[in-house]
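Comments concern the structure below.
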Amino acid sequence: MTEQDQPLSGVRVLDIATFIAAPFCGTIMGDFGAEVIKIEHPRDGDPMRKFGTPTEAGDTLAWLSEARNKRCMTLDLRAPEGAELFKKLVAESDVVIENFRPGTLEKWGLGWDVLHAINPKMVMLRISAYGQTGPMRGKPGFARIAHGFAGLSYLAGEPGRPPVVPGSTSLADYMSGVWGAVGVMMALRQAEKTGRGQVVDIGLYESVFRLLDEIAPAFARHGLVRERMGADVPQVVPHGHWQTRDGRWIALACTSEKIFARLCEVMGKPELAAPDALGPTKNRLARREETNQLVADWVGSLDFEELMRLTDEAGVPCGPINSIADIFTDPQFEARGNLQTVQDPRVGEIVLPAGVPTLSETPPVLRHAGRAKSADTDDILREILDMSAQDVARLRAGGVI
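So the sequence shown is numbered by the working numbering: it starts at 14 and just counts up by one.
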């Protein structure tokens, strides 16, 4: 499949953001055919190039993965001539992605009002720690701060113990990029109908807060403050993690009384599902520790493969808690093509996670890994702004690119 066949073919995105949150929106759009132009400062570049596991190319594996499918150019937006060149690029583009602290682009003369006047149909994604409004709008922040502010870190960990990292320190970054992509798509659709673009405004913490199921209405209506529960959840039990006889960790989830009855059958204890025993959810919640111990004893009496066979046959949701080493040998990941190999001219063969979601007719395409800084500057200036080699050389000599 060529780029021209993909759903976002013909959409041009200017990605002037750094690290992950906003750039990940561009990564998603690039996977589906958008022309994403990554614009970096000529001297420093995107700090993401140095964040993570280094490679012989000088850029990290994180950069090679998350800057995939992007054209890379350098441009000093703070220099007057650089700002003017950026405005010319905006006139020829559909989307601008940024994650500077609110007010930064305005200081450079590149705020929304200026860019919108240049290109009224342009959509601008603005991701910051706390959003463009509110008393905390000017504060800096990263995903770890967002996890705490949104309430996620408060829930992560064992009862009575300190909060822990909720799986990944970058969760809010990636989720903000996903929400950003959704917002940009909707804004582009609206611009098609009205001829007017708009700002997509996201605070890192908002992307996480929206995922925390019913904690907001539960507090508003009943004053309930959910506390840390380890692997448990408040609504149902058993619903957690247990270790098999041969040392593998598994996740098992009984989200209904029907599923719990199946579990009781396969455990050889169907009487536990009776109405006067542990069958009703309210009974199991009242006897959570006892219920969990029954499951722990049963799981611990079986090897992993036998446990998976029994739960699969019984229709009880159960699966492995995989390490990345497990994932690389898992047949489901292989069948779905979740790990893709690409040849990079600087580091050779590299394995990257595939794009999501899978579209039946126009799936995501991994064309190349993240490129070297300024790899495409000359071509972009020539193709889009019709600049001569002499003009480009002058800009480079002046430090503008």
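Glycine included, each C-beta is placed from N, C-alpha and C at the ideal position. Just so you know, these numbers come straight off a predicted model, no measurement behind them.
For residue i, is the classification buried or exposed, using 16 other Cβ atoms within 10 angstroms of its Cβ as the cut-off for buried?
i, result
"Ile-334", "exposed"
"Thr-371", "exposed"
"Phe-232", "exposed"
"Glu-53", "buried"
"Arg-322", "exposed"
"Val-364", "exposed"
"Gly-412", "exposed"
"Ala-316", "The amino acid at residue 316 is misidentified as Ala; the sequence shows Asp. Exposed, because fewer than 16 other Cβ atoms sit within 10 Å of the Cβ of Asp-316."
"Met-199", "exposed"
"Asp-226", "exposed"
"Glu-347", "exposed"
"Ala-410", "exposed"
"Ser-401", "exposed"
"Leu-224", "exposed"
"Gln-19", "buried"
"Val-250", "buried"
"Thr-342", "exposed"
"Gly-208", "exposed"
"Asp-186", "buried"
"Thr-146", "exposed"
"Arg-81", "buried"
"Arg-62", "buried"
"Ser-220", "buried"
"Ile-50", "buried"
"Gly-116", "exposed"
"Glu-319", "exposed"
For residue i, which residues from the same chain have a beta carbon less than 7 Å from its beta carbon, with the 5 sequence-adjacent residues on both sides left out?
i, result
"Ser-350", "Here residue 350 turns out to be Gly, not Ser, going by the sequence shown. Once the five neighbours on either side are set aside, the close Cβ partners of Gly-350 are Ala-367."
"Ser-166", "His-160, Pro-176, Pro-179"
"Phe-222", "Ala-163, Gly-164"
"Lys-415", "There is no way to answer for residue 415, as the model of the chain reaches only from 14 to 414."
"Gly-114", "Note that residue 114 corresponds to Arg in the displayed sequence, not to Gly. The residues are Ser-141, Gly-151, Pro-153."
"Glu-362", "Thr-354, Gln-356"
How is residue i classed by DSSP in three states: helix, strand or coil?
i, result
"Met-242", "coil"
"Gln-256", "strand"
"Leu-372", "coil"
"Arg-25", "strand"
"Gly-39", "helix"
"Ala-13", "Given that the chain is displayed from residue 14 to residue 414, the structure contains no residue 13 and the question cannot be resolved."
"Arg-202", "helix"
"Asp-404", "helix"
"Pro-230", "helix"
"Asp-214", "strand"
"Gly-412", "coil"
"Val-191", "helix"
"Leu-225", "coil"
"Gly-116", "coil"
"Pro-366", "strand"
"Ile-110", "strand"
"Gly-208", "coil"
"Gly-383", "coil"
"Gly-196", "helix"
Using a Cβ-Cβ distance under 9 Å, would residue i count as near chain B?
i, result
"Ala-169", "Considering every chain present, this structure includes no chain B. It has just one protein chain."
Excluding the five sequence neighbours on either side, which residues of its own chain have a C-beta within less than 8 Å of the C-beta of residue i, listed in chain order?
i, result
"Ala-130", "none"
"Pro-60", "Thr-31, Phe-32"
"Ala-327", "Arg-275, Leu-276, Glu-278, Val-279"
"Gly-65", "Thr-73, Leu-74, Ala-75, Trp-76"
By Cβ distance below 6 Å, which residues in the same chain neighbour residue i in space, the five residues on each side in sequence not counted?
i, result
"Gly-170", "Pro-176, Val-177, Arg-241"
"Leu-416", "In the structure displayed, the chain extends from 14 to 414; residue 416 sits before or after that span and is not available."
"Arg-384", "Cys-85"
"Thr-324", "Cys-331"
"Arg-359", "Ala-70"
"Gly-418", "Residue 418 lies beyond the stretch modelled for the chain, which goes from 14 to 414, so this question has no answer here."
"Pro-36", "Asp-28, Ala-30"
"Phe-45", "Gln-19, Pro-20, Leu-21, Pro-377"
"Arg-301", "Val-250"
The region 172 to 187 contacting the region 153 to 164, beta-carbon criterion three pairs below 8 Å: yes
Any 3 or more C-beta pairs closer than 8 Å across the region 169 to 179 and the region 187 to 195: Result no; under three Cβ-Cβ pairs closer than 8 Å.
Inter-stretch contact (C-beta, 8 Å, three-pair minimum) for the region 98 to 113 and the region 18 to 34: yes
Any beta strand (DSSP E) of 3 or more consecutive residues that is wholly inside the region 294 to 359: Runs found: 331 to 333, 352 to 357.
Segment contact flag, the region 39 to 57 with the region 87 to 94, C-beta cutoff 8 Å, min 3 pairs: yes
Every unbroken beta strand (DSSP E) within the region 123 to 177, with a cutoff of 3 residues, ordered by chain: 136 to 141
Stretch-stretch touch, CB-based, cutoff 8 Å, three pairs: the region 198 to 218 with the region 126 to 146: yes
Completely contained beta strand (DSSP E) runs for the region 39 to 105, where each covers 3 or more residues: 48 to 53, 83 to 87
Three CB pairs or more closer than 8 Å across the region 259 to 278 and the region 289 to 309: yes
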